[in-house]
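Contents: one structure, followed by commentary.
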Amino acid sequence: MTPVDRGFELDLIARLKRGEGDAFDQVFAAFNPRLFNFLARLSRRRDIAEDLLEETWLRVVAHAPRLHDDTRLAPWLFTIARNLYASYCRSRLLDYEMAALQLWPSQPAEPSPFEAAAAGELQQRVEVALASLSGIYREALLLVALEGLTPAEAATVCGVTPETMRQRLSRARSLLARRLDASAISSVRVLKEVLP
Amino acid sequence: MSSSRHEDALMRALAMLPPVVPNATHADRLRARCRARLERPPHHLSADLESKTVGAVSAMYAWQLLQLVIR
Numbered sequence: 001m002t003p004v005d006r007g008f009e010l011d012l013i014a015r016l017k018r019g020e021g022d023a024f025d026q027v028f029a030a031f032n033p034r035l036f037n038f039l040a041r042l043s044r045r046r047d048i049a050e051d052l053l054e055e056t057w058l059r060v061v062a063h064a065p066r067l068h069d070d071t072r073l074a075p076w077l078f079t080i081a082r083n084l085y086a087s088y089c090r091s092r093l094l095d096y097e098m099a100a101l102q103l104w105p106s107q108p109a110e111p112s113p114f115e116a117a118a119a120g121e122l123q124q125r126v127e128v129a130l131a132s133l134s135g136i137y138r139e140a141l142l143l144v145a146l147e148g149l150t151p152a153e154a155a156t157v158c159g160v161t162p163e164t165m166r167q168r169l170s171r172a173r174s175l176l177a178r179r180l181d182a183s184a185i186s187s188v189r190v191l192k193e194v195l196p
Numbered sequence: 197m198s199s200s201r202h203e204d205a206l207m208r209a210l211a212m213l214p215p216v217v218p219n220a221t222h223a224d225r226l227r228a229r230c231r232a233r234l235e236r237p238p239h240h241l242s243a244d245l246e247s248k249t250v251g252a253v254s255a256m257y258a259w260q261l262l263q264l265v266i267r
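Sequences listed follow chains A and B, in order.
Per my numbering, the first sequence starts with residue 1, numbered consecutively.
Per my numbering, the second sequence starts with residue 197, numbered consecutively.
Dropping the structure here:
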């Protein structure tokens, strides 16, 4: 993901507060795919992610006029999405270890034969290992490794101290490592060498 | 991304996962709906009427009390 220029971000926030539709479109274009990816992998269900995504944006619009001038968009948006998912879990008394992965409507976009051979099995293993982690570890990895938030920003999103987040990340890494066999890690190294 | 994360094979493996992408049609519909709501926030007419009604009734009551006191 591309880091958002802070000046541009502050300008977007000011325009959002004034109710400018173009500013909203820019924020939506930048964050909608990221929020959906986060919610889909957090909930492991595409249909739930779609519902939560809609609710997230409705909350964004409702709170936009009261935004602080110095708000950081990514932590704010991911906090809303994450809290909605937490509420959803509480309302359904959901166990984090519930459903099988239902992330794609049918299959992911058709990969090339090379990509399929090289990356398919590895990605599947990583995906399954990630999905097998409990919620607090999965969200920590999703926010930092996939979404590029700093550990401090991820701590804000999850409502914990930066130290707690660092511990969670460390624990999440070791849990993930335990669930991936050594060949998976080797495959990552090979892939990084051969892929552009 | 920080350099330490690049050194971590596990984090790299995570970063390489293909993104789960939202349905484009749904996304566009959602964007348009939210944009419209941002540009034209719902006007709380009932709340306005309620506060005006309470104000008017209170003024009338105060006026009646004042008349009683004057008599």
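Glycine is no exception: its CB is placed at the ideal position from the N, C-alpha and C atoms.
Contacts of residue i in chain B (Cβ-Cβ under 8 Å)
i             : result
residue 25/A  : 227, 231
residue 159/A : Within 8 Å Cβ-Cβ: nothing; residue 159/A doesn't reach chain B, min ~22 Å.
residue 202/A : The question about residue 202/A has no answer, for chain A in this structure spans 1 to 196.
Neighbour list for residue i in chain A, Cβ cutoff strictly below 9 Å
i             : result
residue 220/B : Near residue 220/B there are no residues of chain A at all, since even the closest Cβ is about 10 Å away, more than 9 Å.
Reference residue i; option with closest CA among the options
i             : options                    : result
residue 174/A : 159/A, 156/A, 134/A, 47/A  : 134/A
residue 72/A  : 180/A, 152/A, 169/A, 167/A : 152/A
residue 130/A : 171/A, 162/A, 48/A, 29/A   : 171/A
residue 50/A  : 204/B, 224/B, 267/B        : 224/B
residue 230/B : 47/A, 62/A, 44/A           : 62/A
residue 88/A  : 60/A, 121/A, 48/A, 78/A    : 48/A
residue 30/A  : 78/A, 44/A, 45/A           : 78/A
Nearest-angstrom Cβ-Cβ length linking residue i and residue j, presumed shorter than 8 Å
i             : j             : result
residue 138/A : residue 42/A  : 6 Å
residue 149/A : residue 33/A  : Going by Cβ atoms, the distance from residue 149/A to residue 33/A rounds to 15 Å, so no, they are not a contact pair.
residue 210/B : residue 177/A : So it is not a contact: roughly 11 Å between Cβ atoms.
residue 52/A  : residue 85/A  : 6 Å
Under 8 Å between C-beta atoms of residue i and residue j
i             : j             : result
residue 16/A  : residue 27/A  : yes
residue 25/A  : residue 233/B : no
residue 136/A : residue 69/A  : no
residue 123/A : residue 206/B : no
residue 235/B : residue 7/A   : no
residue 155/A : residue 164/A : yes
Inter-residue Cα distance where the pair is residue i and residue j
i             : j             : result
residue 216/B : residue 65/A  : 30 Å
residue 158/A : residue 180/A : 26 Å
residue 108/A : residue 222/B : Confidence is the limiting factor: at residue 108/A the pLDDT is only 48, short of 50, which leaves the residue's position unreliable, though a coordinate-based value still follows. So the two alpha carbons sit approximately 18 Å from each other.
residue 100/A : residue 82/A  : In this predicted model, residue 100/A has a pLDDT of only 45, less than 50, meaning its place in the structure is not dependable; the value taken from the coordinates is given anyway. The alpha-carbon atoms of residue 100/A and residue 82/A are separated by roughly 20 Å.
residue 265/B : residue 256/B : 14 Å
residue 261/B : residue 10/A  : 55 Å
residue 36/A  : residue 167/A : 26 Å
residue 67/A  : residue 246/B : 28 Å
residue 208/B : residue 55/A  : 31 Å
residue 160/A : residue 169/A : 12 Å
residue 251/B : residue 263/B : 18 Å
residue 96/A  : residue 23/A  : Since pLDDT at residue 96/A reaches only 45, below the 50 mark, its modelled position is unreliable, and the value read off the structure follows with that caveat. Cα-Cα distance, rounded: 36 Å.
residue 90/A  : residue 248/B : 40 Å
residue 267/B : residue 60/A  : 58 Å
residue 194/A : residue 46/A  : For residue 194/A, the predicted model reports a pLDDT of 48, less than 50, meaning its position is unreliable; a value from the coordinates is still stated below. Roughly 32 Å separates the two Cα atoms.
residue 5/A   : residue 120/A : 34 Å
residue 220/B : residue 254/B : 54 Å
residue 220/A : residue 258/B : There is no way to answer for residue 220/A, as the model of chain A reaches only from 1 to 196.
residue 98/A  : residue 132/A : Note that residue 98/A has pLDDT 46, beneath the 50 cutoff, so the model's placement of it is unreliable and the number below is only indicative. Taking the straight line from one Cα to the other gives about 9 Å.
residue 106/A : residue 141/A : Only weak support is given to the placement of residue 106/A: the predicted model assigns it a pLDDT of 48, under 50, and the value that follows is read from those uncertain coordinates. Cα to Cα, residue 106/A sits roughly 25 Å from residue 141/A.
residue 147/A : residue 21/A  : 25 Å
residue 127/A : residue 143/A : 15 Å
residue 92/A  : residue 44/A  : 15 Å
residue 80/A  : residue 204/B : 29 Å
Within chain B, partners of residue i - CB distance below 9 Å
i             : result
residue 143/A : The premise fails here: residue 143/A is roughly 11 Å from chain B at the closest Cβ pair, so nothing lies under 9 Å.
residue 32/A  : 218, 223, 226, 227
residue 123/A : 209, 212, 213, 214
Cross-chain neighbours of residue i in chain B, by beta carbon under 7 Å
i            : result
residue 37/A : 215, 216
Residue i: contacting residues in chain A (beta-carbon distance under 7 Å)
i             : result
residue 207/B : 145
residue 235/B : 19, 21
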